[in-house]
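Q:
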Amino acid sequence: MSVAGRVLVVDDDPRIRKALEVNLRARGYAADLAATGDQALRIAARRHPDVVVLDLGLPGMDGLEVVQGLRGWSTVPIVVLSGRDTEAAKVRALDLGADDYVTKPFAVDELFARLRAVMRRAVMPEGGGVVATPDFTIDFTAKEATRGGEPVRLTPRQWSIVEVLVRNTDRLVTHEQLLREVWGPAYVKETNYLRVYMTQIRRRLEPVPSRPRYFTTEPGMGFRFRLPPEAARDGA
Numbered sequence: 001m002s003v004a005g006r007v008l009v010v011d012d013d014p015r016i017r018k019a020l021e022v023n024l025r026a027r028g029y030a031a032d033l034a035a036t037g038d039q040a041l042r043i044a045a046r047r048h049p050d051v052v053v054l055d056l057g058l059p060g061m062d063g064l065e066v067v068q069g070l071r072g073w074s075t076v077p078i079v080v081l082s083g084r085d086t087e088a089a090k091v092r093a094l095d096l097g098a099d100d101y102v103t104k105p106f107a108v109d110e111l112f113a114r115l116r117a118v119m120r121r122a123v124m125p126e127g128g129g130v131v132a133t134p135d136f137t138i139d140f141t142a143k144e145a146t147r148g149g150e151p152v153r154l155t156p157r158q159w160s161i162v163e164v165l166v167r168n169t170d171r172l173v174t175h176e177q178l179l180r181e182v183w184g185p186a187y188v189k190e191t192n193y194l195r196v197y198m199t200q201i202r203r204r205l206e207p208v209p210s211r212p213r214y215f216t217t218e219p220g221m222g223f224r225f226r227l228p229p230e231a232a233r234d235g236a
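Residues in the sequence shown are numbered consecutively from 1, following the UniProt record's numbering.
1) Flag this pair as yes or no: are the beta carbons of Glu-206 and Tyr-214 separated by less than 9 Å?
2) In angstroms, rounded to a whole number, what distance separates the CA positions of Lys-90 and Val-196?
3) When the Cβ atoms of the region 109–121 are set against those of the region 134–146, are three or more pairs found closer than 8 Å?
4) Please state whether the Cβ-Cβ distance between His-175 and Thr-199 is less than 9 Å.
5) Given this structure, state the Cα-to-Cα distance separating Ser-210 from Leu-227, to the nearest angstrom.
6) For a test of the three-state rule: what should DSSP assign to Thr-217, helix, strand or coil?
7) Comparing alpha-carbon positions, which option in Leu-94, Gly-129, Val-76 lies nearest Arg-180?
8) For Ala-93, report the span of its alpha helix (DSSP H) as first-last.
9) Please report the distance separating the alpha-carbon of Ile-201 from that of Ala-44.
10) Going by other Cβ atoms of all chains shown within 10 Å of its Cβ, with 16 needed for buried, is Gly-28 buried or exposed?
11) Would you mind listing the beta strand (DSSP E) stretches within the UniProt domain "OmpR/PhoB-type" (128–227) that are 3+ residues and don't spill past its ends, in chain order?
12) Would DSSP call Asp-38 helix, strand or coil?
13) Using C-beta distances below 7 Å, list every residue in its chain close to residue 242, excluding the 5 sequence neighbours before and after it, in chain order.
14) Run the CB neighbour count on Ala-26, radius 10 Å, all protein chains shown included, and call it buried at 16 or more, exposed below.
15) Here's the rule: buried if 16 or more other CB atoms are within 10 angstroms of the residue's CB, otherwise exposed. What is Thr-141?
16) Could you tell me if Pro-14 is buried or exposed, where buried requires 16 or more neighbouring beta carbons within 10 angstroms of its beta carbon?
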């Protein structure tokens, strides 16, 4: 059975963690649970959730610090679930990078509506759901690459690299940023990983892998996905 998405629940109250876990699994989601900020960051780096539900009043590392920690390397949607109901608390969390804010006590149906909304927004890349070049097509909704109408086999790691680069079309993505987003914050020095994976990606997608047209290298800095003028984005 397919999973609706993976949700990381971060709350120091075991009753809330348990209640959300039961409701998530009943609705077809996979659930990861964390009681502290440190634990949340470790799980997020290892499991790559589709959305994070985050309490602010955590022991040790505060929830706002968790938002900052996640935003240092990830664009995962974050829905704050907190008893802090002041406007200042909400503005601070949203300014730091949270995507939505739900105040406790909360209605379960409303929370799940908010989760579905932020997950839908996260699926679509800036400018559309499909990127079509003269040589291959990237479909973010289907999570699939094709050449000449035939699927291109990409491993999950290769797909993640392609996704980060294509979502940042024509922008430099540094080695450190790419490593953080694909491997997690503990891997910012392993640039040799990127050379190996980029070679594999070019073999699968570039018309001439030794002279890349799309996935180009910025020596000493990172990589860039270039979209030629005749290519198209489809947001439908």
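Glycine residues also receive a C-beta, built at the ideal position from the N, C-alpha and C atoms.
A: So, to answer that:
1) Between Glu-206 and Tyr-214, the C-beta gap is smaller than 9 Å, which places the two residues in contact.
2) When only Cα atoms are considered, Lys-90 and Val-196 end up about 43 Å apart.
3) Here the region 109–121 does not lie against the region 134–146, with fewer than 3 beta-carbon pairs under 8 Å apart.
4) Cβ atoms of His-175 and Thr-199: not closer than 9 Å.
5) Roughly 18 Å separates the two Cα atoms.
6) Residue state, collapsed to three classes: strand.
7) Nearest Cα to Arg-180 within the set Leu-94, Gly-129, Val-76: Val-76.
8) Where Ala-93 is concerned, the enclosing alpha helix (DSSP H) stretches over 87–96.
9) Looking at the backbone, the Cα of Ile-201 and that of Ala-44 are separated by about 25 Å.
10) Under this definition Gly-28 is an exposed residue.
11) Fully enclosed beta strand (DSSP E) runs of 3 or longer: 130–132, 137–139, 144–147, 150–152, 172–174, 215–218, 222–225.
12) In the three-state reduction of the DSSP assignment, Asp-38 falls in the helix class.
13) It is not possible to answer for residue 242, since the shown part of the chain is limited to 1 through 236.
14) Under this definition Ala-26 is an exposed residue.
15) Exposed: under 16 other Cβ atoms inside 10 Å.
16) Looking at its Cβ environment, which holds fewer than 16 other Cβ atoms inside 10 Å, Pro-14 is exposed.
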